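First comes the structure, then the notes that go with it.
In UniProt numbering, the protein residues as written are 1 to 143.
The following block contains the structure:
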């Protein structure tokens with residue numbers, strides 16, 4: 001309509017919008033040769049859909065990696081740094097959860113032997129077979 005020579009005020013009256021809206025759209029059209037809508041407001045998404053797919057693929061391959069380790073791996077691949085919180089959110093969106101590192105206190109062999117001895121005394125079994133099975137269960141729980 002504007003290209004045909006109509007006035008902005010007449011077009012605004014016809015479309016029932018303010019004249020500034022027509023002016024803004026016409027300016028955008030003249031500058032970009034496109035008057036499509038701008039993207040919505042809000043915080044820009046730091047990861048692309050390809051980044052999200054790569055992150056989920058890495059998380060499924062190596063289930064023991066933490067969010068921080070996955071973030072550093074993705075940063076190395078994509079070339080842009082990503083935070084641990086962003087990685088946790090993207091994993092959650094994909095139906096996975098961030099692994100949390102478990103702080104473990106390593107037990108000394110002498111301490112474990114002492115515990116096994118106490119368990120043997122409490123249970124009343126001194127045979128080597130039961131000691132072996134108790135040692136196995138204690139070793140599994142200490143990890």
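Glycine included, C-beta positions come from ideal geometry on N, C-alpha and C.
This structure is a prediction, so every number in the text was calculated from the model and none was measured.
query                                                                                                                                           : result
If I'm right that residue 30 touches residue 19 with Cβ under 8 Å, what's the distance once you round it to whole angstroms?                    : No, residue 30 and residue 19 are not in contact; Cβ-Cβ is about 16 Å, not under 8 Å.
Near residue 86, what residues of its chain come up, given a Cβ to Cβ distance below 8 Å and the 5 sequence neighbours on each side ignored?    : 46, 47 and 71
For residue 51, count neighbouring Cβ atoms within 10 angstroms of its own Cβ and tell me buried if that reaches 16, exposed if not.            : buried
Pick out whichever of 44, 42, 4 and 43 has its Cα sitting closest to the Cα of residue 26.                                                      : 4
For the alpha helix (DSSP H) holding residue 68, just list the boundary residues, first then last.                                              : 67 to 78
Look at the alpha carbon of residue 109 and the alpha carbon of residue 98, and state the distance between them as a whole number of angstroms. : 32 Å
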